[in-house]
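Going by the numbering used here, the residue at position 52 of the sequence shown is 52; the numbering climbs one at a time, nothing skipped. Heads up: the structure comes next, in structure tokens.
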Amino acid sequence: RHVSGLVEMLAEYQALTAEAAWTGGRRDAVRALVSNPLCYNLPTAERLYDEMAAAHRQHLPERLLR
């Protein structure tokens with residue numbers, strides 16, 4: 001029973017991540033990240049995203065850096 005809940009949470013995380021990657025901005029990407037059950041708060045999600053975005057800046061569209 002608990003496994004299906006985790007699977008649903010991860011599916012939602014993946015859907016939000018894909019949406020942010022294709023059409024979203026930084027805010028959408030952070031929202032996707034915070035929906036991951038291993039990232040449990042907004043400040044952590046923002047810090048992780050900003051570090052990732054800085055490391056991969058040359059490969060990201062501008063809309064994901066703002």
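Heads up, the beta-carbon is just placed ideally off N, CA and C, and yes, glycines get one too. None of these values were measured; they are calculated from a predicted model.
In whole angstroms, what separates the C-alpha of residue i from that of residue j?
i: residue 50; j: residue 25; result: 12 Å
i: residue 44; j: residue 52; result: 12 Å
i: residue 21; j: residue 13; result: 12 Å
i: residue 65; j: residue 33; result: 15 Å
In terms of alpha-carbon separation, which member of the options lies closest to residue i?
i: residue 6; options: 19, 38, 30, 31; result: 38
i: residue 48; options: 16, 3, 18, 29; result: 29
Between which two residues does the alpha helix (DSSP H) harbouring residue i extend?
i: residue 13; result: 2-23
i: residue 49; result: 42-55
i: residue 63; result: Looking at the DSSP string, residue 63 is not in any alpha helix (DSSP H), and its letter there is neither H nor E.
i: residue 33; result: 26-34
Can you tell me whether residue i is buried or exposed? The criterion is at least 16 other CB atoms within 10 Å of its CB, across all chains shown.
i: residue 16; result: buried
Nearer than 6 Å: is that true of the beta carbon of residue i relative to any heavy atom of the ligand FAD?
i: residue 38; result: Of the ligands one can find in the structure shown there are none, so the ligand FAD has no counterpart to examine.
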